[in-house]
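Note that the protein sequences, when read in sequence, are chains A and B. In this text, residue positions in the first sequence follow my numbering: the first is 1, and each later residue adds one. In this text, residue positions in the second sequence follow my numbering: the first is 273, and each later residue adds one. Note that CB positions come from ideal geometry on N, CA and C, so glycine has one too.
Protein chains: 2
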Amino acid sequence: MNEIGINVLVEISKEIRNAVHPFLGSSEGGRIVGIGFGEDRTRLIDKIAEEVVVKYLKRNSISCILIGEEGGVQEIGENPKRYLIVDAVDGTMNAVRGIGFASSALAFASEDNLKDVEAAAVMNLFSGELYVAEKNKGAWRNGKRITTSKTSDLKSSVISVDLSPVPKSVSAIIPVMKATGRVRSLGSASLEICCVASGMLDAHLDMRGMLRTFDFAAAMLILQEAGGIFSLLEVDEKDEIPLTKLRHFSIIAAANKELYSQIISLIHDCKG
Amino acid sequence: MNEIGINVLVEISKEIRNAVHPFLGSSEGGRIVGIGFGEDRTRLIDKIAEEVVVKYLKRNSISCILIGEEGGVQEIGENPKRYLIVDAVDGTMNAVRGIGFASSALAFASEDNLKDVEAAAVMNLFSGELYVAEKNKGAWRNGKRITTSKTSDLKSSVISVDLSPVPKSVSAIIPVMKATGRVRSLGSASLEICCVASGMLDAHLDMRGMLRTFDFAAAMLILQEAGGIFSLLEVDEKDEIPLTKLRHFSIIAAANKELYSQIISLIHDCKG
Chain A
1 MNEIGINVLV EISKEIRNAV HPFLGSSEGG RIVGIGFGED RTRLIDKIAE EVVVKYLKRN
61 SISCILIGEE GGVQEIGENP KRYLIVDAVD GTMNAVRGIG FASSALAFAS EDNLKDVEAA
121 AVMNLFSGEL YVAEKNKGAW RNGKRITTSK TSDLKSSVIS VDLSPVPKSV SAIIPVMKAT
181 GRVRSLGSAS LEICCVASGM LDAHLDMRGM LRTFDFAAAM LILQEAGGIF SLLEVDEKDE
241 IPLTKLRHFS IIAAANKELY SQIISLIHDC KG
Chain B
273 MNEIGINVLV EISKEIRNAV HPFLGSSEGG RIVGIGFGED RTRLIDKIAE EVVVKYLKRN
333 SISCILIGEE GGVQEIGENP KRYLIVDAVD GTMNAVRGIG FASSALAFAS EDNLKDVEAA
393 AVMNLFSGEL YVAEKNKGAW RNGKRITTSK TSDLKSSVIS VDLSPVPKSV SAIIPVMKAT
453 GRVRSLGSAS LEICCVASGM LDAHLDMRGM LRTFDFAAAM LILQEAGGIF SLLEVDEKDE
513 IPLTKLRHFS IIAAANKELY SQIISLIHDC KG
């Protein structure tokens, strides 16, 4: 059995990018072909991208428990032990519309638990920009070590927020947006969290209560290894978060503790 | 005197892109060096980019009245008649942070009036993606003719909204955001309006009452020539909008009349 390391994640990312390239900015890529494990509509581009992963694993005799947004939990090969968690296209709407901000996100974990994610790769499917991280070893963007920003007040910050759909907690999030220098909404959680990891953004918030572990597992490790804070809202730190079970979360990704505290206090003040 | 045509706008755009390239994703590019005509802080990258325009015009003996975000209204050459309206870097914060969504925006007009804009070019300073339009002749993206999307209901739409800062009219804009399929906020008005022109986005809204004519003149023509609707809020259609005077606007850019009507009615309902 071959090992699954960062190199494998990067090779798979490149194969996904090659396969989806003809469908970037193409309405055909957006054709709905089913409903995935993640309960979202599967579009042609999602299906093609996830098939690339399965084919790669089989061709290279890599045994693993694959957890994919579309195909759900599948055992690949004999006696699989490691977990490979995949969102083959994160930002599908951007991808098929041609808005240059969509990614593949892959991570592997030693156990069926979010805290056991050990390696990750996120690739911008348009530009090929590549983020990787290895647990306790660091995070890199296009081969260069990255760290989060040192911006410590929201007024000077650029943060991104997912507003699709506008969260029910919009009254909780507006004070954060009002206190922040600039607000973006870019449409790919993995890439937005990686932007926080590399200092381009200072925080990313998603208060919709809709994210699944495969939406953020890879980018979470990249952020943590770059020195950032990743937090699941309303989850006890000691909770086990199995990767094979579908569960929905709100998240905060922040460059540092100061910004994280400011965001949390604004949200809590508002919730009263 | 040389004519100012689309080719000149494209050549200047390319020179701007070359000049700012070293400052993309660079904090040095974000260093504040003054206050511009547009009343925003001028950053080094803005200054360098606008200087490229002045040098190009002088080097090529092009006479015009230049209206720049930084330098304001300047007569260049002898007996200038045409107006060249320039936002040399639109999305400065994205540019210096390395978020791949910033543009140059150039347009020329036969008279000192927004309705007399006759040619326009908007270039993504990261990717080099180029939008151009000529009055009554059409609009193009990377040489291919573009038209706006036919999406006619907000539920299936992807729209962008400028939320930096969150507009005072946030209570008017939230119903639009709630009624819309996906919301983005990309941070460069010119590029976002061009995304509407090419069908990537279905609408762009900026309700902050902060945009100046040089922020949208180029993209406005590109959108109109692609079949879209461009509207200044609370401005009578017959009003003269001089390009040489600083004035602030809220805008709606929409792919078609159906979407425009839906957006307007949601905003009006809310304003009561």
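Is the beta carbon of A451(B) within less than 8 Å of some heavy atom of the ligand ZN? Looking for the ligand ZN in the displayed structure turns up nothing, as the structure carries no ligands at all.
Once you ignore the five residues that flank S149(A) on each side, which residues in its own chain have a CB closer than 7 Å to its CB? Answer for S149(A): G199, D202 and A255, listed in chain order.
Three-way DSSP call (helix, strand, coil) for F101(A) in this model: Note: F101(A) maps to coil in three-state DSSP.
Contacts that K238(A) makes with chain B (C-beta to C-beta distance below 7 Å): Result: empty, since nearest Cβ-Cβ is about 35 Å, beyond 7 Å.
Taking only beta-carbon positions, decide if S185(A) is within less than 9 Å of chain B. Interface annotation, S185(A): in contact with chain B, CB-CB separation under 9 Å.
Within the same chain, show all residues whose beta-carbon is closer than 8 Å to that of E11(A), passing over the 5 residues directly before and after it, in chain order. Contacts found: Y56.
C-alpha gap between F355(B) and F23(A), whole angstroms: Looking at the sequence provided, one finds Tyr at residue 355(B) rather than Phe. C-alpha separation (whole angstroms): 41 Å.
Where S156(A) sits in the DSSP three-state scheme: Three-state DSSP puts S156(A) in a helix.
From A102(A), I267(A), E75(A) and R182(A), residue whose alpha carbon lies closest to that of E283(A): Residue 283(A) lies beyond the range of chain A shown here (1 to 272); nothing can be said about it.
Per-residue DSSP class, three states only, for V546(B): Not covered by the structure: residue 546(B). The range shown for chain B is 273 to 544.
List the endpoints of the continuous alpha helix (DSSP H) containing T485(B). For T485(B), the enclosing alpha helix (DSSP H) stretches over residues T485 to E497.
Meets three-Cβ-pair contact criterion under 8 Å: the stretch 211 to 229 of chain A and the stretch 111 to 119 of chain A: Segment contact: the stretch 211 to 229 of chain A against the stretch 111 to 119 of chain A, three or more CB-CB distances shorter than 8 Å; contact assigned.
Please report whether the beta-carbon of R97(A) lies at a distance below 9 Å from any beta-carbon of chain B. Output row for R97(A): interface = yes.
Exposed or buried, what is D615(B) when buried is set at 16 or more other beta-carbons lying within 10 Å of its beta-carbon? A question about residue 615(B) goes unanswered here, because the residues of chain B that appear run from 273 up to 544.
Taking the beta carbon of M273(B) as the centre, do at least 16 other beta carbons fall within 10 Å, making it buried, or is it exposed? Model confidence at M273(B) stands at a pLDDT of 39, short of 50, so the residue's coordinates are unreliable and nothing is read from them.
Starting from N396(B), trace the beta strand (DSSP E) in both directions and tell me its first and last residue. It spans V389 to N396 - the beta strand (DSSP E) in which N396(B) sits, taken as one unbroken run.
Kindly give me the distance between the Cβ atoms of R315(B) and I304(B), rounded to whole angstroms, as I take these residues to be in contact under 8 Å. The distance from the Cβ of R315(B) to that of I304(B) is about 6 Å, consistent with a contact at the 8 Å cut-off.
Would you please state the rounded distance, in angstroms, between the beta carbons of G98(A) and G25(A)? I believe it to be under 8 Å. Indeed, because the Cβ distance is near 3 Å, the residues count as touching under 8 Å.
Residues of chain B with CB under 7 Å from G138(A), in chain order? Within chain B, no residue has its beta carbon less than 7 Å from that of G138(A); the closest one is some 19 Å off.
Sort E512(B), E464(B) and V438(B) by Cα distance to M482(B) and report the nearest one. Comparing Cα-Cα distances from M482(B) to each of E512(B), E464(B) and V438(B), the minimum goes to V438(B).
In angstroms with no decimal places, state the Cα-to-Cα distance between D508(B) and I524(B). Straight-line Cα distance between these residues: approximately 14 Å.
Would the stretch 454 to 461 of chain B and the stretch 422 to 436 of chain B be scored as touching if the rule is three or more Cβ pairs under 8 Å? The answer is yes - the stretch 422 to 436 of chain B touches the stretch 454 to 461 of chain B, with three or more Cβ pairs under 8 Å.
Just to confirm before moving on: does the CB-CB distance between A377(B) and D487(B) stay below 9 Å? It is a contact, given that the beta carbons lie within the stated cut-off.
Can you list, in chain order, the stretches of the alpha helix (DSSP H) that have 4 or more residues and sit fully within the stretch 155 to 215 of chain A? Within the stretch 155 to 215 of chain A, the complete alpha helix (DSSP H) segments at least 4 residues long are 170 to 179 and 189 to 197, listed from N- to C-terminus.
Could you tell me how far apart the beta carbons of E390(B) and A360(B) are, in whole angstroms, since I believe they sit closer than 8 Å? The Cβ separation is near 20 Å, so there is no contact.
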